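Q: For the protein sequence lines, the chains are A and B, in the order given.
Residue numbering for the first sequence follows the working numbering, beginning at 33 and increasing consecutively.
Residue numbering for the second sequence follows the working numbering, beginning at 4 and increasing consecutively.
Just so it is clear, CB atoms sit at the ideal spot from N, CA and C, and this is done for glycine as well.
Computed from a prediction, not measured in an experiment: that's the story for all the values here.
My questions all concern the structure below.
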Amino acid sequence: MTLSLTQKRKQKLYVILGLLVLASIAVGLTLYALRANINLFFSPIQIAAGEAPFERQIRAGGMVKEGTVVRNPDSLDVEFYVTDYVDDLRVHYSGILPDLFREGQGVVVVGQLQHDGYLKADQVLARHDENYMPPEVAQALVDAGYKPEDFQQKAEAAAKRAEASASNGASSSAY
Amino acid sequence: MLIRMIPEIGHFALVIALLMAIVQSVMPLAGAATRRPLWMAYARPMAAGQFLFVAIAYACLTASYMLDDFSVMNVANNSNSMLPWYYKFSAVWGNHEGSVLLWSLMLAGWGYFAARYSRELPRDMVARVLGVLGLVCVGFLLFILVTSNPFERILPHMPADGSDLNPLLQDIGLILHPPMLYMGYVGFSVVFAFAIAALLGGRLDAAWARWARPWTNLAWAFLTVGIALGSWWAYYELGWGGWWFWDPVENASLLPWLTGTALMHSLAVTEKRGAFKSWTLLLAISTFSLSLLGTFLVRSGVLTSVHAFANDPSRGFFILVLLGITVGLSLLIFALRAPRVSHKVGFTWLSRDALLLINNIMLVIMTVTVLMGTVYPLLLDALDLGKISVGPPYFNALFVPLTLIMVVFMGMGPISRWKDTSASLLVQRLWVAAAVSVVLGAALPLIFAERWSAPVAIGLIAALWIVLPMLRDLYDKTRHASSIGAGLKKLSLAYWGMQLGHLGVAVTIVGIAVVSNYEIERNVRMGPGSSVEVAGYTFTMTELTSRRGANFLADRAVIEVQRGDRERSFTMNPEKRLYIATGMPMTQVALRPGFFRDLYVAMGEDLGDGTWAMRVQYKPFVRWMWLGGLLMSIGGVLAVYDKRYRRMATAPDPEEAALQAASGKGKEAAA
Numbered sequence: 033m034t035l036s037l038t039q040k041r042k043q044k045l046y047v048i049l050g051l052l053v054l055a056s057i058a059v060g061l062t063l064y065a066l067r068a069n070i071n072l073f074f075s076p077i078q079i080a081a082g083e084a085p086f087e088r089q090i091r092a093g094g095m096v097k098e099g100t101v102v103r104n105p106d107s108l109d110v111e112f113y114v115t116d117y118v119d120d121l122r123v124h125y126s127g128i129l130p131d132l133f134r135e136g137q138g139v140v141v142v143g144q145l146q147h148d149g150y151l152k153a154d155q156v157l158a159r160h161d162e163n164y165m166p167p168e169v170a171q172a173l174v175d176a177g178y179k180p181e182d183f184q185q186k187a188e189a190a191a192k193r194a195e196a197s198a199s200n201g202a203s204s205s206a207y
Numbered sequence: 004m005l006i007r008m009i010p011e012i013g014h015f016a017l018v019i020a021l022l023m024a025i026v027q028s029v030m031p032l033a034g035a036a037t038r039r040p041l042w043m044a045y046a047r048p049m050a051a052g053q054f055l056f057v058a059i060a061y062a063c064l065t066a067s068y069m070l071d072d073f074s075v076m077n078v079a080n081n082s083n084s085m086l087p088w089y090y091k092f093s094a095v096w097g098n099h100e101g102s103v104l105l106w107s108l109m110l111a112g113w114g115y116f117a118a119r120y121s122r123e124l125p126r127d128m129v130a131r132v133l134g135v136l137g138l139v140c141v142g143f144l145l146f147i148l149v150t151s152n153p154f155e156r157i158l159p160h161m162p163a164d165g166s167d168l169n170p171l172l173q174d175i176g177l178i179l180h181p182p183m184l185y186m187g188y189v190g191f192s193v194v195f196a197f198a199i200a201a202l203l204g205g206r207l208d209a210a211w212a213r214w215a216r217p218w219t220n221l222a223w224a225f226l227t228v229g230i231a232l233g234s235w236w237a238y239y240e241l242g243w244g245g246w247w248f249w250d251p252v253e254n255a256s257l258l259p260w261l262t263g264t265a266l267m268h269s270l271a272v273t274e275k276r277g278a279f280k281s282w283t284l285l286l287a288i289s290t291f292s293l294s295l296l297g298t299f300l301v302r303s304g305v306l307t308s309v310h311a312f313a314n315d316p317s318r319g320f321f322i323l324v325l326l327g328i329t330v331g332l333s334l335l336i337f338a339l340r341a342p343r344v345s346h347k348v349g350f351t352w353l354s355r356d357a358l359l360l361i362n363n364i365m366l367v368i369m370t371v372t373v374l375m376g377t378v379y380p381l382l383l384d385a386l387d388l389g390k391i392s393v394g395p396p397y398f399n400a401l402f403v404p405l406t407l408i409m410v411v412f413m414g415m416g417p418i419s420r421w422k423d424t425s426a427s428l429l430v431q432r433l434w435v436a437a438a439v440s441v442v443l444g445a446a447l448p449l450i451f452a453e454r455w456s457a458p459v460a461i462g463l464i465a466a467l468w469i470v471l472p473m474l475r476d477l478y479d480k481t482r483h484a485s486s487i488g489a490g491l492k493k494l495s496l497a498y499w500g501m502q503l504g505h506l507g508v509a510v511t512i513v514g515i516a517v518v519s520n521y522e523i524e525r526n527v528r529m530g531p532g533s534s535v536e537v538a539g540y541t542f543t544m545t546e547l548t549s550r551r552g553a554n555f556l557a558d559r560a561v562i563e564v565q566r567g568d569r570e571r572s573f574t575m576n577p578e579k580r581l582y583i584a585t586g587m588p589m590t591q592v593a594l595r596p597g598f599f600r601d602l603y604v605a606m607g608e609d610l611g612d613g614t615w616a617m618r619v620q621y622k623p624f625v626r627w628m629w630l631g632g633l634l635m636s637i638g639g640v641l642a643v644y645d646k647r648y649r650r651m652a653t654a655p656d657p658e659e660a661a662l663q664a665a666s667g668k669g670k671e672a673a674a
């Protein structure tokens, strides 16, 4: 009787130990995978200060600097500057920009920082609607010493200028 | 006069519903605790009444939308007089307040149906189930009334017109996706209530599992369709052809789906073998808690996405408190009461019980990995340790291998027997399937695709390994019958449900494996006259035009598509729309769907000189993913209609039962 009880206890102990080992392996692997796949966010100030690693996937963000968006006339390569109104970051991207990508508005770019100081982006993220400002970008601008009202006004002013230039320029599609 | 008061009527109806929900939770729970039948009898009428009044409130909000009552802030912010009527109808849930109201309507609806189809349950069980559901309703109705009143007015300075619905949401996808998803989320509240009731009553037997199973299946089926619809919607609406982004909001819906899937399987063991009882209860609690967590993540504004409508910290805090209370209280009840219901049942490591245990463990590990990847950045941010994001590579690196490991056991599950299966039997029944799936899975991409791909081969092997043993099982089950038809007829609906569900998983795996590895995307600069070739199709832009829609202006490209040197060609018309009220641009994708491939053309951006950046994609087997989801949910619903559940659903005629209940009440009152 007592023997079977201790046997049972032993069995239980093995099961629990086994489960613990399995669980810790699972957690360890998960943390390893997590660590390898985390994208840290850097503002242009931090990148200018050399805080960001080179050639590793990072996120960066700020406002698209007005008048800096340049398309290559033969391909889909595009270059623009992202700014926090203190430092600028040059961004290279090849592909289609999101619908709500605008000069003077907030964006987040995901890509690798190159040794020549520009960021090679594989992804450009803009907001989903009119009021959305990427939270990292908002925080970066606050860190750069701007009040939220400041950069909101700046963004609005930029949007107005963009609109004005769009209506001045020959509106290509006549509805 | 009455028409102008519609929002106030709705608001008032919500207050009445809240009061009824309070009665529905307090009286029956107290009655069950003190064994007072009269108190317990409050549960059913209150559940019905509460549903009625939430429905009235919901109808009032819908009416405000349909009548363009822009004095209601919610309508003014999310609708516009130019909006077509069906989008006005669906705009009700295209915003925070309205969607929480829809949540509550469905919660009350599930409660009402739980009350209606529970005639066979013991009285105290009904009282506890409906009482717990009532408590959840109280939480959500309070949430609406305190933080998210959809009937708030802007008076006297009401706007002349509304500021329009987000164009991304003006789509059939929005009409269908949220209600389905919510039905799933909320549906798990019923099995949650069953779990708490079992713990409170200290009773958990095969009958309990039999009651809980159809509700779980139904909720799971809705959630499956909801997730599939969301993926489909993102695919064609966001304009770049992705179908799963591992976005926190998507993860929020995947988490309860994973534990819900585990719950369905563990309920099977609880019903058939009386085992895994506490585990089942824990899964029921976790699944609903994860549904609430999903709601918190999506609705609180801690995440920014198309789903996060408003960043109001008080709302996030309220849901967090609600979540804390639900999780804390139910785990406390679980800790105190679970030892009473648990029960030891022996089985060997080679049995259906053990295989289902492995299924559960794998699903829980998947849940934990997804949860960690989703919550970790939020935690770091909350603790001010930096802003990070966890990218898709993390999720893919863990989720895909875990799924494959699970599939290995999934193939064995339906063949194995309860309690104990001999290894020789398994080998005898499975070796052909194993050999065929490896050979066929490796050979198919070699035959049909231009280039062999290991991930595709593995995916096909996995899918075949799920399907072939099931076919073998069908053969074994029908070969002794007089004819195949007669044999098939004998099989239960629950069995067919299981088969269809597993087939759905296989179909989804094929879709994901093929489209992820064989899709082709070309981003090109195109103007009238230029053409591009993708996967044997030639896309030629013939002209660029423009048109005017109900509430938008659009640039439109006419693309002629020809396959190889075949005569027949067809046109595709992608558009770039500008919505007038909001000034928001939107990409309208041109899709040529097919069973084996989709062609996908989207207009990127106007490059000036009469050319556009165009996105042209070839997506083989992409429909299979969603088709698999559909099969899974049909399987879930089929199982609900199995005879052994129907017996309890149709047992007494409702009127007769009501009469009995009334006379019973009379007797009790007399006594």
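Can you check whether the C-beta of A/Ile79 is within less than 8 angstroms of a C-beta belonging to chain B?
A: Judged by the 8 angstroms Cβ criterion, A/Ile79 is not in contact with chain B.
Q: Just how far apart, CA to CA, sit B/Leu284 and B/Tyr61?
A: 33 angstroms
Q: Looking only at C-alpha atoms, which of B/Ala215, B/Phe412 and B/Lys622 sits nearest to B/Asn358?
A: In the sequence on display, residue 358 of chain B carries Leu and not Asn. That would be B/Phe412, whose Cα lies nearest to the Cα of B/Leu358.
Q: Please go through the region 452 to 530 of chain B and give each complete alpha helix (DSSP H) segment of 4 or more residues, from N-terminal end onward.
A: 457 to 481, 487 to 493 and 496 to 521
Q: Determine the DSSP secondary structure at B/His14, reduced to helix, strand or coil.
A: It is helical.
Q: Where does B/Ala438 land, buried or exposed, given buried means 16+ other C-beta within 10 angstroms?
A: Residue burial annotation: B/Ala438 is exposed, with fewer than 16 other C-beta atoms found within 10 angstroms of its C-beta.
Q: Identify every residue that forms a DSSP beta bridge with B/Tyr540.
A: B/Val537 and B/Arg566
Q: Across the region 132 to 140 of chain B and the region 23 to 36 of chain B, are there enough close Cβ pairs to call them in contact, namely three or more that are closer than 8 angstroms?
A: Yes, the region 132 to 140 of chain B is in contact with the region 23 to 36 of chain B.
Q: By the 10 Å Cβ neighbour count, where 16 or more other Cβ atoms means buried, how is A/Leu57 classified, buried or exposed?
A: Correcting the residue type first, residue 57 of chain A is Ile in the shown sequence and not Leu. Its Cβ having fewer than 16 others within 10 Å, A/Ile57 is exposed.
Q: Does DSSP put B/Ala20 in a helix, a strand or coil?
A: Three-state result, B/Ala20: helix.
Q: Distance check for B/Ile6 and B/Ile364, CA to CA, integer angstroms please.
A: 55 angstroms
Q: List the residues that DSSP assigns as beta-bridge partners of A/Tyr113.
A: A/Arg122
Q: What residue does the alpha helix (DSSP H) around B/Glu608 start on, and which one ends it?
A: No alpha helix (DSSP H) contains B/Glu608, which is instead part of the beta strand (DSSP E) from Arg600 to Asp609.
Q: What runs of the beta strand (DSSP E), each 3 residues or longer, lie entirely inside the region 56 to 106 of chain B?
A: none
Q: Quick check on DSSP: helix, strand or coil for B/Pro623?
A: strand
Q: Helix, strand or coil for A/Asn104 per DSSP?
A: If DSSP states are grouped into helix, strand and coil, A/Asn104 belongs with coil.
Q: Can you name the residues of chain A whose CB is closer than 8 angstroms to the CB of B/Thr590?
A: Within chain A, the residues near B/Thr590 are Asp131.
Q: Name, in chain order, the residues that DSSP records as bridge partners for B/Glu578.
A: B/Arg559 and B/Gln591
Q: By how many angstroms is the C-alpha of B/Leu22 removed from the C-alpha of B/Val29?
A: 11 angstroms
Q: Apart from the five residues on each side of it in sequence, which residues of its chain come closer than 7 angstroms, Cβ to Cβ, to B/Met3?
A: With chain B covering only 4 through 674, there is no way to say anything about residue 3 of chain B.
Q: Tell me which same chain residues have a C-beta within less than 7 angstroms of the C-beta of B/Ser308, skipping the five on either side of it?
A: Confidence is the limiting factor: at B/Ser308 the pLDDT is only 48, short of 50, which leaves the residue's position unreliable, though a coordinate-based value still follows. Only Asp250 and Val252 meet the Cβ criterion.
Q: Please say whether B/Pro458 and B/Ala538 have beta carbons closer to each other than 8 angstroms?
A: no
Q: Return yes when the Cβ of B/Ala265 is within less than 8 angstroms of the Cβ of B/Leu286, no when it is not.
A: yes
Q: Determine, using beta carbons only, whether A/Phe112 comes closer than 8 angstroms to chain B.
A: no
Q: Mapping DSSP to helix, strand and coil, what is A/Gln137?
A: DSSP, read as helix, strand or coil, puts A/Gln137 in coil.
Q: According to DSSP, simplified to helix, strand and coil, what is A/Gln39?
A: helix
Q: Classify A/Asn104: buried if its beta carbon has 16 or more other beta carbons within 10 angstroms, exposed otherwise.
A: exposed
Q: So which residues of chain A does B/Met369 contact, with C-beta pairs closer than 7 angstroms?
A: By Cβ distance, chain A contributes nothing, its closest Cβ being about 10 angstroms from B/Met369, past 7 angstroms.
Q: Using only the alpha-carbon positions, how far apart do B/Ser572 and B/Pro181 sit?
A: About 37 angstroms.
Q: Pick helix, strand or coil for B/Val344, following the three-state DSSP scheme.
A: helix
Q: So, is the C-beta of B/Tyr379 closer than 8 angstroms to a C-beta in chain A?
A: Interface annotation, B/Tyr379: in contact with chain A, CB-CB separation under 8 angstroms.
Q: For A/Gln217, count neighbouring C-beta atoms within 10 Å of its own C-beta (all shown protein chains included) and say buried if the count is 16 or more, exposed if not.
A: Since the first and last residues shown for chain A are 33 and 207, residue 217 of chain A lies out of range.
Q: So the alpha helix (DSSP H) A/Phe73 belongs to, where does it begin and stop?
A: Here A/Phe73 belongs to no alpha helix (DSSP H); instead the beta strand (DSSP E) covers Ile70 to Phe74.
Q: Check whether the Cβ atoms of B/Asn554 and B/Ile583 sit closer than 8 angstroms, and answer yes or no.
A: yes
Q: Would you verify that the beta carbon of B/Leu184 is, or is not, closer than 8 angstroms to some beta carbon of chain A?
A: no
Q: Closer than 8 angstroms is the cut-off here; do at least three beta carbon pairs connect the region 158 to 178 of chain B with the region 96 to 109 of chain B?
A: Of all C-beta pairs linking the region 158 to 178 of chain B to the region 96 to 109 of chain B, three or more are shorter than 8 angstroms, placing the two stretches in contact.
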